[in-house]
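Following: one structure in structure tokens, then a few remarks.
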Amino acid sequence: MRCAEVHPNLAAFVLDGLEPEEAAEIRRHLASCHRCRDEVRELRKVNRALEAAPPPADPPSYLKDGILSRVRAERLSTSDKEEPQGSSIEDRTGSSRTSRFNRLKDLRVVLPSVAAAAIVVFVALGVFFGFLREEPPVATIQLVPTPREAVGLEGYWGVAEIRPQPSGNQQVELKLNNFEEPKPNSYYELWFVSGEERISAGSFTSVGEGETRVLLNVAPQARNYRTLLITEEHVDERPTSGEEVALKGKVP
Amino acid sequence: MVVAAGDILESDGIGRGQRSVASQRADELTDEQCMTRLSGPEVEAALSALYDRYSRTVYGVGFKILGNRSLAEELVQDVFLKVWRSAGTFDPSQGSFSTWLYRVTRSAAIDLYRKRTSRVRQVPDGARHIAAARDSSAGPQEIVDESWLSWRVSRALEVLDAPHREVIELAYFGGLSQREVSERTGVPLGTVKTRTASAFRRLRRELAVGDTSREAIR
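Keeping their order, the protein sequence lines are chains A and B.
Everything in the first sequence is counted per this note's numbering, starting at 1 for the first residue and increasing by one.
Everything in the second sequence is counted per this note's numbering, starting at 253 for the first residue and increasing by one.
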């Protein structure tokens, strides 16, 4: 075999993609051709670099719309804030002509109003930050064991509380009781499911007896996915939300 | 109060037609030209074009280093919002857009990594503790060390045109032989081999160029 015949097949050879007899011919040629051996050495570098490549995958299509919506909303919000506010030029000119007496009289009227407004703002901020500290959930979902998992278990249940976040995501707080530790090399994954579609809210592990609390975040689109599943997944496999369902719940 | 989750958030479906027409124009711009348009009226078209070019890389690298699809999605969102908000800090004389975006992505990934850790720690006293599913995954320093090579290889793959990328993805990631790639795609076996050889040459060239820009990310 001549180099010109071998060269076009060297990349496929490095990828281990040739038929056995083709690969054998290449090996025979390489044994006697240092130029082609050098070429294979270079191609193997590319092959090794591919090990660092992320697996080919497109992000979910809703992400792009979500990002552009955020940009649009923030731009609108910024332009609203930049609108001129308050008094007109005529008003300001008029007030500059106000007599000292009138200004003092105005102050007597204005000061109590300012004080009252300050109290209102103070109370409002207190309420606002109070909400930030302990915002009530907008949805509470009971999670119950699937029949197979429930056999022989006592006090095994869960609750999911959903809170919208300023980012648009939804925070999901799981409160799980007596939730078993997953099998070795496994973990739990929370899914929002609608028919055949599903969105992952993230993964976690648990440690058996007592209460386990988990905070996860899920994309805004999950609002239309009304079934919640907690599944057990193996670390070496792509999560599927397929077979090992541990807890299940329906958004009311 | 119990409210259906479906009522929580507003829907989005504004201006799709207008956006796609504007995006076609932005598609003809370079990355750097798109960046200059992020502060003007064409911001959505410009950001959309950059997203189309780089979101697979950000998502793929994010998934690889964070090990979680939800976090990778959060990363994509964080990164492209940062691109828009921080467009003014991009200086083309200091390096390519791709290198700048890599730095933005790396920083956002480290933030998310730390956030994930703090999420795990947000368990009140008295409750049973939990551990993240992939506690053994790379920490911030490993993210810095490994993600640049991931980024470069991903970008090199994205530079390939679709037919060449397809044969590499099927052969390398799908583990198919050249004959199986030919059967799967309906492309003659000889063409599959030629495309594989050509794709490898291109990848070799792209990765060699990437080597020379190593200092740019420090």
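Quick reminder that beta carbons are idealized off the backbone N, C-alpha and C, glycines included.
Per DSSP, reduced to three states, the secondary structure at residue 165 of chain A is coil, with no helix or strand assignment.
Residue 327 of chain B is positioned such that its CB atom lies no closer than 8 Å to that of residue 297 of chain B. When Cβ-Cβ separations below 8 Å define contact, residue 351 of chain B makes no contact with chain A. Straight-line measurement puts the Cα of residue 412 of chain B at about 20 Å from the Cα of residue 13 of chain A. In its chain, beyond the 5 residues on either side, 412, 416 and 420 have a beta carbon closer than 6 Å to the beta carbon of residue 451 of chain B.
Minimum Cα-Cα distance from residue 459 of chain B among the listed residues B:339, B:409 and B:294 corresponds to B:409. Put simply, the CB of residue 42 of chain A is near chain B, with a gap under 8 Å to one of its CB atoms. The C-beta of residue 286 of chain B has 16 or more other C-beta atoms within 10 Å across all chains shown, which makes the residue buried. Under DSSP, residue 227 of chain A takes part in a beta bridge, and its partners are A:193 and A:250. Here DSSP, grouped into helix, strand and coil, assigns residue 326 of chain B to helix. Bridge pairing for residue 211 of chain A: A:177 [DSSP]. Using a Cβ-Cβ distance cut-off of 8 Å, the region 344-358 of chain B and the region 437-453 of chain B are not in contact, since fewer than three pairs of beta carbons, one from each stretch, lie closer than that value. The C-alpha of residue 358 of chain B is placed about 25 Å away from the C-alpha of residue 279 of chain B.
Annotation: residue 20 of chain A is outside any beta strand (DSSP E); the continuous alpha helix (DSSP H) that includes it extends over 20-32.
If you draw a straight line from the Cα of residue 59 of chain A to the Cα of residue 51 of chain A, it comes to about 20 Å. For residue 202 of chain A, same chain residues with a beta-carbon under 8 Å away, outside a window of 5 residues either side, are 189, 190, 216, 217 and 218 in chain order.
Flagged as an interface residue toward chain B: residue 71 of chain A, by a C-beta distance shorter than 8 Å. Residue 58 of chain A reaches chain B at 308, counting residues in chain order whose Cβ is nearer than 7 Å. Taking a C-beta cut-off of 7 Å against chain B, the contacting residues of the region 11-32 of chain A are 11, 12, 15, 17, 18 and 19, listed in chain order.
Assignment of residue 312 of chain B by DSSP, reduced to helix, strand and coil, places it in the helix class. Annotation: residue 6 of chain A has no Cβ neighbours in chain B at a cutoff of 9 Å; minimum Cβ distance is about 11 Å. Within the region 278-302 of chain B, contact with chain A at the beta-carbon level (separation under 8 Å) is assigned to 295, 296, 299 and 300. Chain A has no Cβ within less than 8 Å of the Cβ of residue 439 of chain B. Among the CB atoms of chain B, none fall inside 8 Å of the CB of residue 145 of chain A.
Within the model, the alpha-carbon separation for residue 226 of chain A versus residue 246 of chain A is close to 17 Å.
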